[in-house]
Structure formats: C-alpha cells, structure tokens
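Notes follow the structure.
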Ligand code: MN
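In this note's numbering, the protein residues as written are 1 to 163.
So this is what it looks like as structure tokens:
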C-alpha cells in the first residue's frame, strides 16, 4: 500500500496531467457513498402469485454495480407462493419461523430461523409457511435479462399438504 501511494505521488509530481486525469476518472467511475436505505412499506403480495395472506417489503433493486434484488417476504400460517423458477437462482435467509421450499420432484426442504436456502437456476419450486407458524424470509435474487422470477401456476392444497 505504501509503495502504491509512493508511486502515485511520484507520478502525480512528475506529470501534473496524471493527477487530474486520475482524479476525474476516480470520481466518474466509483460510487463512494456509503448509505443506509430503508425497506419499502409493506404491501400485500399479489394473489396472482401468492395464496393466502403474504406481505412483501422491497429492500433494494439492482444498481450499476450489482445484479441482485433484496426483499422481505412475510408468510402468514398456511400461505405460500405459486410455483416459479429463478433465471439466476435465489438465496433465502430465514429471519423468523420455519420456511418450506418444495421442488417439482416433490421434495420438501424445511429451513429454520438463521438458516439460508439456495434455490438453483431454473428449478421449479414454491416457498411457504407451515399451517401453524408465520415465516419471515429475506430474499437475495439474481436478475438475468431484467427478470428475477418466472411465475407459474398456483400450488394446490394437495401439493401444499404433501409430506
Ligand atoms: Mn423462489
């Protein structure tokens, strides 16, 4: 680090143009502001993509430097998403309660508070809360070609209740 600073200083002293060009490029290319962003107000998740009472709070979208979105999803007991896939996969963190994630092959994965879940690219699945417990999940979802999810059909009661 010291060597780099010495080199930069030497270059700046030797060549006044370097100093200006370097500073300009740095300012143009780097977002140097650390910032705190509050979540959006909770909204009722659409009944075109969720079954039961589900709330959604957007945390952040993509930026020039990042390609993933973040949100909280609050599932009331017995609620669940429709079937869907993620074009770039999805990372879930269970903030509260128990989260069910089921894949098209009938496998039910159960995650508890503090656990994280990886949903692979293109695998058809749904998420939901058990019958008797609320679940809060944080989602980090990769965006590909402007999309982070492809929604499909509702999860039937039979599919929800399957072991
Ligand atoms: Mn998902």
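Heads up, the beta-carbon is just placed ideally off N, CA and C, and yes, glycines get one too.
For residue i, which of helix, strand or coil comes out of DSSP?
{"i": "residue 142", "result": "strand"}
{"i": "residue 47", "result": "coil"}
{"i": "residue 158", "result": "helix"}
{"i": "residue 71", "result": "strand"}
{"i": "residue 127", "result": "strand"}
{"i": "residue 116", "result": "strand"}
{"i": "residue 34", "result": "coil"}
{"i": "residue 104", "result": "coil"}
{"i": "residue 99", "result": "strand"}
Select from the options the residue whose C-alpha is nearest the C-alpha of residue i.
{"i": "residue 51", "options": "147, 70, 111 and 76", "result": "76"}
{"i": "residue 158", "options": "71, 80, 37 and 39", "result": "80"}
{"i": "residue 94", "options": "71, 154, 143 and 63", "result": "71"}
{"i": "residue 55", "options": "105, 107 and 136", "result": "136"}
{"i": "residue 61", "options": "153, 148, 154 and 101", "result": "148"}
{"i": "residue 92", "options": "107, 126 and 78", "result": "126"}
{"i": "residue 143", "options": "31, 88 and 37", "result": "88"}
Quick check: is any heavy atom of the ligand MN less than 7 Å from the C-beta of residue i?
{"i": "residue 119", "result": "yes"}
{"i": "residue 90", "result": "yes"}
{"i": "residue 84", "result": "yes"}
{"i": "residue 127", "result": "yes"}
Any C-beta of chain B sitting closer than 8 Å to the C-beta of residue i?
{"i": "residue 32", "result": "Protein chain content of the structure displayed is limited to a single chain, and chain B is not contained in it."}
At the level of alpha carbons, what is the spacing between residue i and residue j?
{"i": "residue 10", "j": "residue 110", "result": "The predicted position of residue 10 is uncertain, since its pLDDT is 47 and thus under 50; a value taken from the coordinates is nonetheless stated next. Distance between the alpha carbons of residue 10 and residue 110: 59 Å."}
{"i": "residue 105", "j": "residue 99", "result": "18 Å"}
{"i": "residue 139", "j": "residue 57", "result": "10 Å"}
{"i": "residue 41", "j": "residue 59", "result": "10 Å"}
{"i": "residue 64", "j": "residue 162", "result": "42 Å"}
{"i": "residue 53", "j": "residue 34", "result": "35 Å"}
{"i": "residue 129", "j": "residue 112", "result": "11 Å"}
{"i": "residue 156", "j": "residue 133", "result": "19 Å"}
{"i": "residue 84", "j": "residue 121", "result": "11 Å"}
{"i": "residue 151", "j": "residue 117", "result": "19 Å"}
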